[in-house]
Structures are given as C-alpha cells and as structure tokens.
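Residue numbers (the working numbering): 5 to 80. All C-beta atoms in this analysis are idealised placements derived from N, C-alpha and C, irrespective of residue type, glycine included. Just so we're clear, the structure is a prediction, and the values are computed from it rather than from any experiment.
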C-alpha cells in the first residue's frame with residue numbers, strides 16, 4: 005500500500021475512465037507489464053488503440069485517462 009497518497013487521490017480518474025467505458029460496450033482498458041514498466045491501453049472498436057506508460061509514482065487511472073484523451077484526439 006502506498007502511504008504517501010490516500011486511495012482517493014491515487015484512483016482519482018477511475019470515474020472518468022468508467023464513464024468512457026460504459027459509453028460504448030465494446031471499449032476496454034488493458035494494463036500490461038513490460039520490461040520497462042507498466043502500460044495502460046485504451047481500446048475502442050472505431051478509434052483503435054492507444055497505450056501510455058505509467059510513471060513510477062503515477063496513479064494508473066491518470067495514465068488510462070491520458071490514453072483515452074489521446075485516442076479520442078488522434079485523427080483517423
């Protein structure tokens with residue numbers, strides 16, 4: 005458990021992420037480990053996929069929201 009930040013602060017963006025997910029049933033968020041750290045991917049059947057690295061002291065929900073906003077802003 006990370007005692008430096010309360011749980012509510014570390015998971016501050018999950019409400020936004022949840023709203024994006026439920027707006028379309030086929031969307032998903034995936035988290036995977038790589039040799040250099042964790043990646044969070046936002047996946048949409050129309051827009052495609054965008055992955056973001058999770059910083060060492062970063063809340064994973066912030067990386068997920070960043071992936072969503074960049075996916076939504078990416079020209080097709």
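Per DSSP, reduced to three states, the secondary structure at residue 39 is coil, with no helix or strand assignment. CA-CA distance, residue 47 to residue 37, rounds to 17 Å.
Annotation: the continuous beta strand (DSSP E) that includes residue 54 extends over 52–57. C-alpha of residue 77 to C-alpha of residue 62: approximately 22 Å in a straight line.
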